[in-house]
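Below is one structure; the comments refer to it alone.
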Amino acid sequence: MTNRGDVHLASTQTRPSRRHLRGVASIVAVVALVSLPFVLSDYRVFQATLVIVSSIALLGLNLLTGYGGQISLGHGALFGIGAYVAAILIQKWGLPYGLAIAGAAGVCFVTGFLFGLPALRLEGMYLALATFALAAALPQLLKYKAIERFTGGVQGITLTKPQAPFGLVVSADRWLYFMCLAIAIVLFAGVRNLMRGHTGRAIIAIRDSPVAASSTGVNIAMYKTMTFAISAMYAGIAGALSALTVQFVSPDSFTLFLSLSLLVGIVVGGLASISGAVFGAIFVQFVPNVAEEISKAAPWAIYGLVLIAVVHMMPRGIAGLVSRLCFRLRALSFFDRITQP
Amino acid sequence: MRGLPSVWLAFAVFALTEPACKHGSTTEGNASPAAEDTDIHIGQTMPYSGPASAYGTIGRVEAAYFKKINEGGGIGGHKINFVTLDDAYSPPKAVEQVRRLVEQDHVVAVFQPLGTASNAAIQDYLNTKKIPQLFTATGASRWGDPAHHLWTMAFNPSYELEGTTYGRHIAANQPDAKIAVLYQNDDYGKDYLKGLKEGLGDKAKTIVAEATYEVSDPTIDSQIATLKGSKANTFVNITTPKFAAQAIRKAYDIGWKPVEYLNNVSASVATVLTPAGLDKSVGLITVAYFKDPTDAQWDNDPAMQEFKAFMKQYYPEGSATDGNNAYGYIAAQTMVQVLKQCGAQLTSENILKQAASLADFSPGLLLPGIKINTSSTDYYPIEQLQLVRFNGKTWEVFGQLYSAK
Chain A
1 MTNRGDVHLA STQTRPSRRH LRGVASIVAV VALVSLPFVL SDYRVFQATL VIVSSIALLG
61 LNLLTGYGGQ ISLGHGALFG IGAYVAAILI QKWGLPYGLA IAGAAGVCFV TGFLFGLPAL
121 RLEGMYLALA TFALAAALPQ LLKYKAIERF TGGVQGITLT KPQAPFGLVV SADRWLYFMC
181 LAIAIVLFAG VRNLMRGHTG RAIIAIRDSP VAASSTGVNI AMYKTMTFAI SAMYAGIAGA
241 LSALTVQFVS PDSFTLFLSL SLLVGIVVGG LASISGAVFG AIFVQFVPNV AEEISKAAPW
301 AIYGLVLIAV VHMMPRGIAG LVSRLCFRLR ALSFFDRITQ P
Chain B
342 MRGLPSVWLA FAVFALTEPA CKHGSTTEGN ASPAAEDTDI HIGQTMPYSG PASAYGTIGR
402 VEAAYFKKIN EGGGIGGHKI NFVTLDDAYS PPKAVEQVRR LVEQDHVVAV FQPLGTASNA
462 AIQDYLNTKK IPQLFTATGA SRWGDPAHHL WTMAFNPSYE LEGTTYGRHI AANQPDAKIA
522 VLYQNDDYGK DYLKGLKEGL GDKAKTIVAE ATYEVSDPTI DSQIATLKGS KANTFVNITT
582 PKFAAQAIRK AYDIGWKPVE YLNNVSASVA TVLTPAGLDK SVGLITVAYF KDPTDAQWDN
642 DPAMQEFKAF MKQYYPEGSA TDGNNAYGYI AAQTMVQVLK QCGAQLTSEN ILKQAASLAD
702 FSPGLLLPGI KINTSSTDYY PIEQLQLVRF NGKTWEVFGQ LYSAK
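Written out as structure tokens, the structure is:
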């Protein structure tokens, strides 16, 4: 370890200073994120929480679609299942919030695993259709009579917001923001570590060439199912957190359009990119509102125009654009250095 | 840039854009800074996009009506600043938009949010914030419950009341009735059925057959055949437009000729009776509470003429023959009446108080005799219904007014 560091120091002077820069950037980001709720109104904090929540769902979908190459049009349904499980556990069974979120994660993990088994046989568009079926069916299944005493039928379930524990004097909105932020950081770090290790390489190898991957000994079935399950679990956690934030679940909350929005989010944010999930979430949350400000008559036409523009000008999503800009900056500073004697 | 640092960067971008967004959106609200702001801020969510966007015209006609009031000098010198936002018929979006209305636009009341699920989603929030949720645009029977939700008030006659009206009419006029009921298997259908049984009272046992359908069913032919088989001579048809048209046509085609009650949800001549066959619809009975703009009998009615002139001047892109516009017009007039009653005290508390003390208010488009009355224990403004019968062209008024007991 020390050896490697020494080598770095010896070989180039730029490395440590860049690491230093990153450290500073990270601290600034953390300070900004933690102080954010104290600068903003409760309403803005609520919106920020929604962005964090969608970024978790987008990260899960990006793991499956961006890294794994499997298209899912059903993540809105998994999001909905997570939300309902949490709502039922809290409101009907009186479980604490933490357990309810864990319960939603567990149920969605199992659902994703079971759904992933047959999905293994389906490639590309066929998998997209199978998951589409899940998203199309869910709103109606939730209205089904036999389970109405759990789901509340068309009227849905109203939840109460968790209050800050230990007598902390923080508004419910802010407390929820910190809770979601903490969970998001853990989940983001989880995907980052996963993708850095051999699991990540295996997932990407399967996407790029299943034949080559299996000939090097990668268990395709296992990896594909596990990717689906983990991805579903992320969607479920996001769903549970969204139920807490919005304080309401109903069948109309989880329509097909939600699944499509999630897909839009990862493509706009940047496929196979961890930061893309955050950019995508900002897009999904705010662009419809901005579009409505521009035109009340045809907000979705404006949305469509923005979408086409983004896809054309940023082929690798917002994250791709950002990393290209960073590369340019770095190249510039490099040139500065070599031209200054 | 790879890995976590770029995540931090993304979060940082978010952290920086957030206050920027905040700034951007308040500037347009800044046209009326709090200090010298004398406008009356009223908010609303409406499905301008999404599956229920056909109802969006209600929000537009209401905005047009408030514009008319403002041009005439406003209310006691105060202009109505009406902010109506799209919720796409999605409950989470409704929550987000209503929070914006309350916390950023500082509205004193939320007026006519549309849809059962959206209203349910925002109900607890508005009640906690003590902002009136006035005149909910939905027929479910849970919005006029001041004991549990003091700040939420209904507008439409409830589905339950309508069912009761049919029940009472049957009980009074058809001593030998044998009733068959077809209803949609959800809250809406069950509300009606509950009301029907209430109205029938001890004659509820004359219901000889009940059949249900799911929204996802392709047809209801077999249900109609079963109901006919019960030898019922009265048919209560509690269905949404597509199924209503099917039921009317099928019953006629298989030679079943009961006295047929059709719920008001599907009373549109253009979208239900025409596809079902106007000749097959003769004799249908439903209820109404406002004047149908397509009905020739109101052509010379001053209130109807005023409405049509208003549409031409303030909302020319909307259709003057759309019942939804007549509905929105009546609701907006009711809101203006509440604000007028408030006098100089335009606070949320007083708006709620005045909304709960409407006395014999009668917007001209309501059917003759129907008046809006509320009190601190009565949160259903419209509680009178008029039976109407289809004559092959339009709905004809007959019989007395029915009111809630």
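The listed protein sequences correspond, in order, to chains A and B. At position 131 of the first sequence the residue is numbered 131 (the numbering used here), and the sequence of numbers has no breaks. Convert by adding 341 to the 1-based position in the second sequence; the result is the number in the numbering used here. For every residue, glycine included, the Cβ atom is placed at its ideal position computed from N, Cα and C. Keep in mind the model is a prediction, meaning the values are calculated, not measured.
Item                                                                                                                                                                      : Value
Kindly indicate which three-state DSSP category B/Q564 falls into: helix, strand or coil?                                                                                 : helix
Tell me whether B/A629 sits in a helix, a strand or coil according to DSSP, three-state version.                                                                          : strand
How long is the line joining the alpha carbons of B/G740 and B/Q727, rounded to whole angstroms?                                                                          : 8 Å
Give the C-beta separation of B/T627 and B/V729 to the nearest angstrom, bearing in mind that I take them to be a contact with Cβ-Cβ under 8 Å.                           : 6 Å
Who are the Cβ neighbours of B/A586 in its own chain at under 6 Å, not counting the five residues just before and after it?                                               : V613, P616 and A617
Distance, Cα to Cα, B/G747 vs B/T662?                                                                                                                                     : Chain B is shown only over 342 to 746; residue 747 of chain B falls outside these bounds and no answer can be derived.
Alpha carbon to alpha carbon, how far is B/A521 from B/I589? Give it in angstroms, no decimals.                                                                           : 14 Å
Beta-carbon of B/V402 versus every beta-carbon of chain A: anything under 7 Å?                                                                                            : no
Can you list, in chain order, the residues of its chain whose CB lies under 7 Å from that of B/E737, leaving out five sequence neighbours each side?                      : V729 and R730
Need the endpoints of the beta strand (DSSP E) that B/D427 sits in, please.                                                                                               : I421 to D427
Anything in chain A within Cβ reach of B/E551, meaning under 8 Å, just list it in chain order.                                                                            : Per Cβ cutoff of 8 Å: no residues; B/E551 is ~14 Å from chain A at best.
How long is the line joining the alpha carbons of A/L305 and A/A298, rounded to whole angstroms?                                                                          : 11 Å
By the criterion of Cβ-Cβ separation under 7 Å, what are the contact partners of A/W300 in chain B?                                                                       : S390
Whose Cβ in chain A lies nearer than 8 Å to the Cβ of B/N526?                                                                                                             : K145
If distances are taken between C-alpha atoms only, which option among A/G200, A/S209 and A/I52 comes closest to A/F283?                                                   : A/I52
According to DSSP, is B/G370 part of a helix, a strand, or is it coil?                                                                                                    : The pLDDT assigned to B/G370 is 39, lower than 50, so where the model puts this residue is not dependable, and the model offers no usable value.
Between B/E601 and B/G570, how many whole angstroms is the CB-CB distance? I'm expecting something under 8 Å.                                                             : About 17 Å; that fails the 8 Å criterion.
How about A/V237 and A/A105: do their beta carbons lie closer than 7 Å?                                                                                                   : For the record, residue 237 of chain A in the displayed sequence is Ile; it is not Val. Yes.
Note down, in chain order, each residue of its chain lying with its Cβ closer than 6 Å to the Cβ of B/E403, except the 5 sequence neighbours on either side.              : G669 and A673
Sort A/A87, A/G112, A/G60 and A/I71 by Cα distance to A/K161 and report the nearest one.                                                                                  : A/A87
Got a sec? Which residues, its chain only, sit under 6 Å from B/K409 by beta carbon, not counting five neighbours each side?                                              : Y655
Between the C-alpha atoms of B/N371 and B/D446, what's the straight-line distance to the nearest angstrom?                                                                : Low per-residue confidence applies at B/N371: pLDDT is 40, beneath 50, and the placement is therefore not dependable, though the value from the model is reported in the following sentence. Each residue's alpha carbon lies about 9 Å from the other.
Use the C-beta contact count for B/P374: other C-beta atoms within 10 angstroms, 16 or more gives buried, fewer gives exposed.                                            : For B/P374, the pLDDT reaches just 41, beneath the cut-off of 50, and the residue's location in the model is therefore unreliable, leaving the point undetermined.
Would you call the stretch 504 to 520 of chain B in contact with the stretch 540 to 550 of chain B, where contact means no fewer than 3 C-beta pairs closer than 8 Å?     : yes
Exposed or buried, what is A/I27 when buried is set at 16 or more other beta-carbons lying within 10 Å of its beta-carbon?                                                : exposed
Would you check if the distance between the CB atom of A/A235 and the CB atom of A/G60 is smaller than 7 Å?                                                               : yes
What residues in its chain sit with their C-beta under 8 Å from that of B/P634, if we drop five residues either side in the sequence?                                     : M645, F648, K649, A661, T662, D663, G664, N666 and A667
Quick check: what's the CA-CA separation for B/A512 versus A/L127?                                                                                                        : 57 Å
Give the DSSP-derived three-state secondary structure of B/G365 in the structure shown.                                                                                   : Residue confidence is low: B/G365 scores 39 on pLDDT, short of 50, so the model does not pin down where it sits. No coordinate-derived value is stated.
Where in the stretch 525 to 602 of chain B do unbroken runs of the alpha helix (DSSP H), each at least 4 residues long, occur, reported from the N-terminal end onward?   : 528 to 541, 562 to 570 and 582 to 594
So, is the C-beta of A/V154 closer than 7 Å to a C-beta in chain B?                                                                                                       : yes
If you run the structure through DSSP and keep just helix, strand and coil, what is B/N732?                                                                               : coil
Helix, strand or coil, according to DSSP, for A/F166 in the structure here?                                                                                               : coil
Is the Cβ of A/D336 closer than 7 Å to any Cβ of chain B?                                                                                                                 : no
Within the same chain, show all residues whose beta-carbon is closer than 6 Å to that of A/A77, passing over the 5 residues directly before and after it, in chain order. : L134, A135 and L138
I need the straight-line Cα distance from B/L568 to B/I579, nearest angstrom please.                                                                                      : 13 Å
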